[in-house]
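Everything below concerns the one structure shown next.
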Amino acid sequence: MANKIGVFCPTLNVYGGGEYVAIAIANTLAENNRRVILFASDKINPQDIKTYFGEPLHPNIETLQQPTPFTPRSLADFYQTIIHSYIAKSKCNTLIDAFSNCVFPWTEVTYIHFPYLNQHTFNKTFPYLSHPRIQQAGTLPQVILEKNLVNYQKRLVLANSHYTAKEIQKYSNKPAEVLYPPFASSITTKGQNNAKKDQNNLVITVSRLDSNKQLERIPQIAAQTTPNTKFVIIGRLYNPDALNQLQTLTKKLGVAGRVHIYPNAPIEQKIELLKKAKIYLHTMVGEHFGISIVEAMALGCLPIVHDSGGMREFVPHQYRYQSIAEAASKINTEIANWTNQKAEEIKTLTERFSFANFSTQFMELYAKHYD
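Position one of the sequence shown corresponds to residue 1308 (my numbering), numbered consecutively onward.
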């Protein structure tokens, strides 16, 4: 078998920030003349990737489909992932796991968005379970495997933020290199000449439409902001029930006319809305990084984010909140005092998260371990 590098990401068709990391890794390797196989659960459509991310998949990347009969986040899916990653390894010399957040013995490189083994779910010592549930009990063999049999020193473990790296160290007492995820360069190239207009009192949120993203906070915040402030939620529809609940809440709180939701919008619409918006609102508490925040900042949106997680590493303190009331207050203040100068200043903070920087840093780390 000729030297091949596999990149494992079953959910590639979801087109979120984590999926873009997998694409960025695969494209980086292909651009550096490595033979790359990209593993996903559904057939990969390069045109869909270009439509959503604004950038194509490198033409030299080979793609392989591994159908997944079990739904994501179920116990069966956990073992399905283990089996598929093991099979993927049999088809390449080096395997990069950009999905599971676990360090498997057969995986050379793991990109961790947040560690599966963490203090919030598991104890540090046997029997490991903090609050036993069926799914956690079912994953106990993997916990024992990773904690006792996986040698991190022989693997490259990458974390998406210092927050995530500290969580790995805190629970597993094992090292990880921090490699911030990139944002798509098309965001800034397509968003050029984006001077915002004073009359556009628009607040935007870009998020996968799912129950764990805490999007119900948006109508709650909107209800406490000035009546001329509009809110937009845009992102991939992952959970229809979460969308229905969100729409119901906006009506209940009387803000349906000011909160608009655009599921599955293409990147062109996302960029146009980001160009118009003055504020980017992020609702998730303890976000491990938040690449959508960086994208918005790159287009001059002032970020209003929860004061927690990896967001503390790149969002200035004055833009972070602790409560819904404080978030609404900061939005009111920043819209009232908004200037193009503030928008330009916030853009400069995103330069270190470019694809070029990510690509250079990834290849340096990869070459140090495997070239």
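Quick reminder that beta carbons are idealized off the backbone N, C-alpha and C, glycines included. Bear in mind that the values here come from a model prediction, so they are computed numbers and not experimental data.
How would you call residue i, buried or exposed, if buried means at least 16 neighbouring beta carbons within 10 angstroms?
| i | result |
| --- | --- |
| R1524 | buried |
| A1444 | exposed |
| S1479 | buried |
| I1390 | exposed |
| Q1460 | exposed |
| K1269 | Missing from the structure shown is residue 1269; the chain here goes from 1308 to 1678 and no further. |
| S1381 | exposed |
| A1632 | exposed |
| F1346 | buried |
| E1652 | exposed |
| F1669 | buried |
Can you tell me which of the three DSSP states residue i falls into?
| i | result |
| --- | --- |
| F1421 | coil |
| G1616 | helix |
| Y1628 | strand |
| A1563 | coil |
| C1316 | coil |
| L1522 | coil |
| F1660 | helix |
| A1347 | strand |
| D1548 | helix |
| Q1576 | helix |
| V1328 | helix |
| A1682 | Nothing can be reported for residue 1682, as the shown portion of the chain is limited to 1308 through 1678. |
| K1311 | coil |
| T1335 | helix |
Only counting the same chain, and skipping five residues up and downstream in sequence, which positions put a Cβ closer than 7 Å to that of residue i?
| i | result |
| --- | --- |
| V1450 | L1424, F1429 and Y1435 |
| Y1393 | W1413 |
| D1614 | R1627, Y1628 and Q1629 |
| A1605 | F1490, I1494, T1495, K1654 and T1657 |
| P1353 | P1363 and L1364 |
| N1639 | T1532 and T1533 |
If you drop the 5 nearest sequence neighbours on each side, which residues of the same chain put their C-beta closer than 6 Å to that of residue i?
| i | result |
| --- | --- |
| M1308 | Note on M1308: pLDDT 47, under 50, position unreliable in the model; the coordinate value appears next. There are no such residues. |
| T1358 | P1573 |
| I1568 | I1540 |
| A1329 | V1314, C1316 and A1405 |
| S1492 | F1662 |
Might you give, ordered along the chain, the residues of its own chain that have their beta carbon closer than 8 Å to the beta carbon of residue i, omitting 5 neighbours on each side?
| i | result |
| --- | --- |
| L1544 | L1516, L1550, P1570 and N1571 |
| A1650 | K1503, K1585, G1607, C1608 and L1609 |
| K1577 | V1513 and I1541 |
| V1562 | P1526, A1529, A1530 and F1538 |
| V1321 | R1515, R1543 and Y1545 |
| L1672 | L1463, L1465, E1484 and L1486 |
Checking the sheet assignment: what are the DSSP bridge partners for residue i?
| i | result |
| --- | --- |
| G1597 | Looking at the DSSP assignment, G1597 forms no beta bridge with any residue, so it has no partner. |
| P1610 | Y1587 |
| I1540 | T1512 and I1568 |
| V1321 | Answer is none; V1321 lacks a bridge partner. |
| F1429 | L1436 |
With a cut-off of 9 Å, does the C-beta of residue i fall near any C-beta of chain B?
| i | result |
| --- | --- |
| M1604 | Among the chains of the structure shown, chain B does not appear; only one protein chain is present. |
In chain order, which alpha helix (DSSP H) runs of at least 4 residues are fully inside the segment 1451 to 1495? 1469 to 1479
Which complete beta strand (DSSP E) runs does the segment 1351 to 1425 hold, if anything under 3 residues is left out? 1369 to 1372, 1401 to 1404 and 1416 to 1419
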